[in-house]
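See structure below.
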Amino acid sequence: MKRSYEMDMCSGPVLNKILVFSVPLMLSGILQLLFNAADVVVVGRYAGSQSLAAVGSTSALINLLINVFIGLSVGVNVLVARYYGARKEQDVKETVHTAVAISLLSGTFLIILGLSMSRPMLELMDTPEDVIEKSSIYMEIFFVGMPATMLYNFGSAILRAVGDTRRPLYFLTAAGIVNVILNLFFVIVCKMDVAGVALATVISQVISAGLVFACLLKNEGYLKLQLKELRIYWPKLRRIVKVGLPAGMQGAIFSISNVLIQSSVNSFGSVAMAGNTASQNIEGFIYNAMNAVYQTNLSFTSQNLGGRKYKRIGRIMLTCLGVVTAVGIGMGFAAYGAGRLLLGIYSSDAEVLKYGMLRLGIIATTYFTCGLMDTMVGSLRGLGYSILPMCVSLAGACGFRIVWIFTVFQMSRSLVTLYISYPISWVITFAAHVVCYRLIKRKLPKEDWD
4 MKRSYEMDMC SGPVLNKILV FSVPLMLSGI LQLLFNAADV VVVGRYAGSQ SLAAVGSTSA
64 LINLLINVFI GLSVGVNVLV ARYYGARKEQ DVKETVHTAV AISLLSGTFL IILGLSMSRP
124 MLELMDTPED VIEKSSIYME IFFVGMPATM LYNFGSAILR AVGDTRRPLY FLTAAGIVNV
184 ILNLFFVIVC KMDVAGVALA TVISQVISAG LVFACLLKNE GYLKLQLKEL RIYWPKLRRI
244 VKVGLPAGMQ GAIFSISNVL IQSSVNSFGS VAMAGNTASQ NIEGFIYNAM NAVYQTNLSF
304 TSQNLGGRKY KRIGRIMLTC LGVVTAVGIG MGFAAYGAGR LLLGIYSSDA EVLKYGMLRL
364 GIIATTYFTC GLMDTMVGSL RGLGYSILPM CVSLAGACGF RIVWIFTVFQ MSRSLVTLYI
424 SYPISWVITF AAHVVCYRLI KRKLPKEDWD
């Protein structure tokens, strides 16, 4: 029986349902960034600059290690949505139980990986001696919470697949508030330094995962989780991996390429680095809002494919492209217009503000093209194609930028030359995804398309 939190994406007005679905997702992404910012502020203000550097230096490495597994949740979302749209209850149940089992197993594996690889990989990244010990402590504690992190991500993907984006927002809000309170308590009162920040994060992850787990246990519909049936159904796992692994690999490879791009920025000195970092933090809010539209397109396309509502798939894509354009342009130009005020939160140095505004002027104002690119990926993955958009994205966005750095950037070494590679790569990749989509569209029943 369908519950009020679930949504039938296969009928009714497209735009209204897309907005109802995507707005809670946008708020979730923005709240997550705010809570992460609170972590940085607490450790920076009350534990010192070394502790701040220790926490900050781990983000790229953490993303590199967990992105492949987080990507599998995309496969879960696509598969659950498709079966739900087709009203195949048994297939939904098998996918749900497989997803929860994978989340716990991958989380356990990540504990082992994190505890064994944190220190060696930090050394490989030439982490300074004065912060490596704290960085290592932070990562080791952080990775202990990986089963909870995986369970929340996979559980949220399951809920999104049936239209429920509100409860994950509620769970994230509750866990985030606890995280901020515990940060203050562990760091200021208990003097636990980076260990306190990491422990607070783990506890908040356990809370959010516990709430998602309880939600699935109490569900009376297709998503009901029964512990006695918790196991891996291998045909479902293969389908999850088929869609999710390429998405995860793409995220991991992008993490590697971002290290190269960051090193190019580093060559302009610490002030340029500071301005670049501040601008990136502001852009993160725009990206998360646009990424919510990608997630929306993914779920809606998958559910309508399962329900054989081929006409709606085309309308969904066009509507999502319109929404992401409006969100990207609106937030991008608002960020640039209020740039000096927003950058002032991070630094009062006039040179830092200048470098930050330079990046915002190029990246934020054209960021909607990144949203267009990602939204097209949502259509392709929702239709069950994941390797193709991965290859196109890696060649068009990641590969293009690397080639740009070693050619054009070398001939004209400036931040403008470096930054302009972003919008160019987004437009090229978006165009390539459109071509792929049109080719795939021809394989679906023609009479059901507009």
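In this text, residue positions in the sequence shown follow the working numbering: the first is 4, and each later residue adds one. We put the beta carbon where it would ideally sit given N, CA and C, even for glycine.
query: Close beta carbons around residue 381, own chain, < 8 Å, minus the five adjacent residues each side; result: 296, 297, 298, 299, 300, 301, 304, 323
query: Within 9 Å, strictly: CB atoms of residue 378 and residue 430; result: no
query: Beta-carbon proximity list for residue 46, same chain, < 7 Å, skipping 5 on both sides; result: 54, 55, 58, 190, 197, 200
query: Test item: CB-CB of residue 82 and residue 162 under 9 Å; result: no
query: Among 388, 220, 367, 374, the one whose alpha carbon lies nearest that of residue 432; result: 374
query: Endpoints, the alpha helix (DSSP H) within which residue 25 is located; result: 17-49
query: Anticipated Cβ contact below 8 Å, residue 212 with residue 275, distance rounded; result: Not quite, the Cβ-Cβ distance comes to about 39 Å (not below 8 Å), so this is no contact.
query: CB-CB length for residue 327 against residue 360, believed under 8 Å; result: Between residue 360 and residue 327 the Cβ distance is about 25 Å, and since that is not below 8 Å, they are no contact.
query: Test: residue 304 CB closer than 9 Å to a CB of chain B; result: Considering every chain present, this structure includes no chain B. It has just one protein chain.
query: Three CB pairs or more closer than 8 Å across the region 81-95 and the region 154-171; result: yes
query: Start and end residues, alpha helix (DSSP H) containing residue 105; result: 92-127
query: Contact check, residue 19 vs residue 254, beta carbons under 9 Å; result: no
query: Spatially closest choice to residue 95 from 347, 232, 115, 435, by CA coordinates; result: 232
query: Residue burial classification, residue 269 (beta-carbon count within 10 angstroms, cutoff 16); result: exposed
query: First through last residue of the alpha helix (DSSP H) which encompasses residue 308; result: 273-309
query: Nearest-angstrom Cα separation, counted from residue 414 out to residue 146; result: 42 Å
query: Cβ distance (whole Å) where residue 186 is taken to contact residue 41 below 8 Å; result: 7 Å
query: Whole-Å CB distance - residue 236 paired with residue 136, under 8 Å assumed; result: That belief does not hold up - the Cβ atoms of residue 236 and residue 136 are roughly 44 Å apart, past 8 Å.
query: Host alpha helix (DSSP H) of residue 448 (start-end); result: Run containing residue 448: none; DSSP gives neither H nor E here.
query: Residue 193 (DSSP reduced to helix, strand or coil); result: coil
query: Contact set for residue 354: own chain, Cβ-Cβ below 6 Å, skip 5 residues either direction; result: 274
query: Start-to-end residues for the alpha helix (DSSP H) that takes in residue 401; result: Taken as a continuous stretch (DSSP letters only), residue 401 belongs to no alpha helix (DSSP H), as it is neither H nor E.
query: Status (buried if at least 16 other CB within 10 Å, exposed otherwise) for residue 148; result: buried
query: Residue ranges of each alpha helix (DSSP H) within the region 151-210, 4 or longer; result: 169-187
query: Alpha carbon of residue 79 to alpha carbon of residue 257, nearest angstrom; result: 22 Å
query: Nearest candidate by alpha-carbon position, reference residue 389, set 245, 412, 346; result: 245
query: Continuous alpha helix (DSSP H) stretch holding residue 138: start and end; result: 132-147
query: Status (buried if at least 16 other CB within 10 Å, exposed otherwise) for residue 223; result: exposed
query: Beta-carbon proximity list for residue 309, same chain, < 7 Å, skipping 5 on both sides; result: 84, 85, 86, 87, 88, 89
query: For residue 425 and residue 267, the rounded distance between their alpha carbons; result: 14 Å
query: Supposed close pair residue 289, residue 251 - CB separation, criterion 8 Å; result: That belief does not hold up - the Cβ atoms of residue 289 and residue 251 are roughly 23 Å apart, past 8 Å.
query: 7 Å Cβ shell around residue 92 - same chain, five flanking residues per side excluded; result: 225
query: Nearest-angstrom Cα separation, counted from residue 306 out to residue 12; result: 7 Å
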